[in-house]
Each structure stands twice: as structure tokens, then as C-alpha cells.
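Each remark here refers to the structure printed beneath this line.
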Amino acid sequence: MYEKFYGLREPAFNLTPDPSFLFLNQRSKGAIEQILYSIERREGFAVVVGDIGTGKTTLCWALLERLARRDIRTALIQNPMLSEIEILKSILQDLGVRPEEPGEQPGDPLERIFDTEWMRGMTKKQLLDRLNMFLARRAEEDIFTVLIIDEAQNMSLGLLEQMRLLSNLETAKKKLLQIIFVGQLELDRKLKSPTLRQLNQRISVRFETKPLSREDTERYIRRRIAVAGGAPRLRFGTGAFRSIWRHSGGYPRLINLITDRALLGGYQERAGTITPRLVRRAARSLRGEENSAGFRSGWFRRLVPYAVSAIVLIAVVFFMVYRGLAQ
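Residue numbering for the sequence shown follows the working numbering, beginning at 40 and increasing consecutively.
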């Protein structure tokens, strides 16, 4: 709605993790470098945890983008609330694994066809054997495989233990699979339970995503606006970025929501500058403290004096007409 008014080519503050809008502060860049180092060393497990809305999924996509530039195959599981057999099938499907067929060679294009019918009725052992064969063939081509599991806090203890067993897949010289868990803070507590002691000991990298600082909040907003077209007619007044940071707590998801609503409010008032007042009103609206008409209240306040004058004028005219008729 407001994009054309401010000169944006596309919405700048959607909640979907669009890689083109990627913003990484120094902490996140450091985390990615640590994870990449652990992958190069074939160290087994890495864990990324954080509160809701702190950018874990964004970090996930940034990592996938970096891995795509290397000779690394990746699988991303975004719904790990599955049985042990179901998650094995999901891993095989995401890797594009095909059934063993006569004449099939490593790197055969058939493996990129996402046909899952061949897995119907297969046992856990058969699925594991097929995965092991696939990983071994990729290793022969010097291609490593990385499995990323998002929302991993939803995995059962049994499923997490199965991931430890998957990490045991290896040749005489090197491991065949690295696993990266991404999840909310309770994942870290779950991994430290006595049942998962062996898995916990194999984790070589741990990183917790944190809310953005005030400075990073401003950089984050400017970055998204620049990617969306630059918004030549959009300005942020003194204190606006600080207000967004204060009301969002530095959580990227809330930054997106508040900034989006502030821009909507600015559009409704035809304001080229986003002020702290617009930010406060946006934050109140998101908390349910102001109805959808709230963004138009600035207009209403400016119209009140004119409306009162009009009512008084009408009343005077009516009174004079009434007196004339009475005489």
C-alpha cells in the first residue's frame, strides 16, 4: 500500500526469510564462520539456539547460501515432529536420493528427481542403508553432506538420539554427514539432559542468537529499505530508529512489524518522515492498544477545529433562520 508512495519496488519488511534481504551483524558472521570451520573439519554437530524472532531461520538460510558455493550437498528439515522412519524419508527426499537401479552411477541425474514412491514400505534399516550408500558415493566425489534441522526443539529424545547414530556414518578416513540443529532456547536444555549425554559431548559449535543493538537495528532497517528500492522519498526523523529499537527490543521480527506499521501510518498521513510518534502509534497498534483507525487519528485531530467551526456556523445560521420564521 505504502510502497509506491515512498518509492519502494517491493515490501521491505515482510516476515518471510527472503535471502535477498539478509542482514548479518558481526556476531552472526562470526557464528557462520565457526560453523563452516566445523564443517571443514568434519566435527559432527553444531547447535544454533535463540529466542523466538531473533533471526535463527535467517541465519539458517545464510548458511545454506554459503554452503551452496562449495562442493557440499545440503538437506533442510523444517518440520522435525516426525517418526524415526518419516524423518529418514524426509532426509532422503530432500537430498534427492533415488532407489538403487541397474547402471546407476554416482552423480546420476536420477538422484535429483523427487520421487518418494520407492520408499513406501521400506524398513528403517533399508532407509539407513540407502542413505549410507548415497553419502559414501558423494564422499567418493569429495562432496560432503550437511543436514540442517530447523525447529529442532520439537524433536523427541528418541529422534535426537537417532541423529547421533546418523552421525556415526563414516568411512575409514572421514565422517559422511554433519548435522546442524537450529531451535529455540529449550533445545539447549534438552540436549543437556542425561539421556543425550553422548550427543551433547559431540557438539563442537554452540551459538545463541541475540536481539540486535540500537546501532544494528538502524543498519538492519536501512539495509532492507535499500534492497527494496532505496525509498528516495522516505526519511526517518531524529529518534525514530531508537524508538523502533526500544519498542521491538531489537527482535528482527518485531522490528519488521513495527517499521511496516509506522510506514503505513506515515502513508496515511502523507508524511515523508517517520517520526517517533508514528513509531509509538505503530507499537501500540500491534499491542492491541489502538484500533485500526488509530493511524488516521492525526488527520482527525487536525480536522477537529474545522469541524467544530462548521458546527458552530451551522448552529448560528439555524438560529437566525429560526428567529426570522418566528417573527
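Backbone N, C-alpha and C define an ideal beta-carbon position, used for all residues, glycine too.
I'd like the ranges of any alpha helix (DSSP H) spanning at least 4 consecutive residues and lying wholly in the region 118-202. List check, alpha helix (DSSP H) in window: 123-134, 163-179.
Since Ser77 is in the alpha helix (DSSP H), which residue starts that stretch and which ends it? To locate residue 77, count along the sequence shown from 1; it is residue 38. In this chain, the alpha helix (DSSP H) harbouring Ser77 covers 65-79.
Could you check where the alpha helix (DSSP H) with Glu254 kicks off and where it finishes? As a working mapping, residue 254 is identified with position 215 in the sequence shown. Start and end: 253-266.
DSSP three-state assignment for Arg323, whether helix, strand or coil: In the sequence shown, counting from the first residue as 1, residue 323 sits at position 284. For Arg323, the secondary structure class from DSSP, reduced to helix, strand or coil, is helix.
Residue environment, Leu238, which counts as buried when at least 16 other CB atoms sit within 10 Å: Reading the sequence shown from its first residue, position 199 is the one you call residue 238. Classification for Leu238: buried.
Checking 8 Å against the spacing of the C-beta atoms, do Val87 and Val221 come in under that value? Locating residue 87 in the sequence shown gives position 48, where the first residue counts as 1. Locating residue 221 in the sequence shown gives position 182, where the first residue counts as 1. Their beta carbons are under 8 Å apart, which means Val87 touches Val221 by this criterion.
Which class does Ser243 belong to by DSSP, given the choice of helix, strand or coil? For this step, residue 243 is matched to residue 204 along the sequence shown. Ser243: strand per DSSP, three-state reduction.
Cβ-Cβ separation, Glu225 to Gln201 (assumed contact under 8 Å), whole Å: Along the sequence shown, read from residue 1 onward, the residue named residue 201 stands at position 162. Along the sequence shown, read from residue 1 onward, the residue named residue 225 stands at position 186. At roughly 19 Å, the Cβ-Cβ gap does not stay under 8 Å, so Gln201 and Glu225 are not in contact.
Decide if Asp255 is buried, meaning its Cβ has at least 16 other Cβ atoms within 10 Å, or exposed. Indexing the sequence shown from 1 puts residue 255 at position 216. Classification of Asp255: buried, given that the 10 Å Cβ count is 16 or more.
According to the neighbour-count rule (16 or more other Cβ atoms, all chains shown, within 10 Å of its Cβ), is Ser282 buried or exposed? By 1-based counting over the sequence shown, the position of residue 282 is 243. Counting other Cβ atoms within 10 Å of its Cβ, Ser282 reaches 16 or more and is therefore classed as buried.
Roughly how many angstroms separate the alpha carbons of Trp284 and Gly311, rounded to a whole number? As a first step, residue 284 is located in the sequence shown; it is residue number 245 there, counting from the start. As a first step, residue 311 is located in the sequence shown; it is residue number 272 there, counting from the start. The alpha-carbon atoms of Trp284 and Gly311 are separated by roughly 20 Å.
Could you pull the start and end residues of the beta strand (DSSP E) that Ala114 belongs to? To locate residue 114, count along the sequence shown from 1; it is residue 75. Looking at the DSSP string, the run of the beta strand (DSSP E) that includes Ala114 is 111-116.
Run through DSSP, which three-state label would Phe280 get? Along the sequence shown, read from residue 1 onward, the residue named residue 280 stands at position 241. The answer is helix: DSSP assigns Phe280 an H, G or I state.
Cα-Cα separation, Arg177 to Arg323: The count along the sequence shown starts at 1 and reaches residue 177 at position 138. The count along the sequence shown starts at 1 and reaches residue 323 at position 284. For Arg177 and Arg323, the distance between alpha carbons rounds to 53 Å.
Express the C-alpha separation of Arg272 and Lys214 in angstroms, rounding to a whole number. Within the sequence shown, residue 214 is the residue found at index 175, counting from 1. Within the sequence shown, residue 272 is the residue found at index 233, counting from 1. In a straight line, the C-alpha of Lys214 is about 54 Å away from that of Arg272.
Between Gly294 and Val318, is the Cβ-Cβ spacing less than 8 Å? Position 255 of the sequence shown, counted from the start, is the residue given in the question as residue 294. Position 279 of the sequence shown, counted from the start, is the residue given in the question as residue 318. Before going further, note that residue 294 is Ile rather than Gly in the sequence given. No, these two residues do not count as a Cβ contact at 8 Å.
Compute the distance between the beta-carbons of Ile126 and Leu170, then report whether it is under 8 Å. Walking along the sequence shown from the start, residue 126 turns up at place 87. Walking along the sequence shown from the start, residue 170 turns up at place 131. No, the pair does not count as a contact, with Cβ atoms beyond the cut-off.
Looking at the unbroken alpha helix (DSSP H) that takes in Ala51, where does it start and where does it end? Within the sequence shown, the letter at position 12 stands for residue 51. Unbroken run through Ala51: none, as it is neither H nor E.
So for Gly222, helix, strand or coil by DSSP? The residue you call residue 222 lines up with position 183 of the sequence shown. If DSSP states are grouped into helix, strand and coil, Gly222 belongs with the strands.
Whole angstroms are fine: how far does the CA of Tyr290 sit from the CA of Pro250? Counted from its first residue, the sequence shown places residue 250 at position 211. Counted from its first residue, the sequence shown places residue 290 at position 251. Roughly 5 Å between the two C-alpha positions.
In the DSSP assignment, the alpha helix (DSSP H) including Ala107 goes from what residue to what residue? Stepping through the sequence shown from its first residue, residue 107 is reached at position 68. 95-107 is the span of the alpha helix (DSSP H), which, as asked, contains Ala107.
The alpha helix (DSSP H) with Phe44 in it runs from where to where? To locate residue 44, count along the sequence shown from 1; it is residue 5. Run containing Phe44: 42-45, per the alpha helix (DSSP H) assignment.
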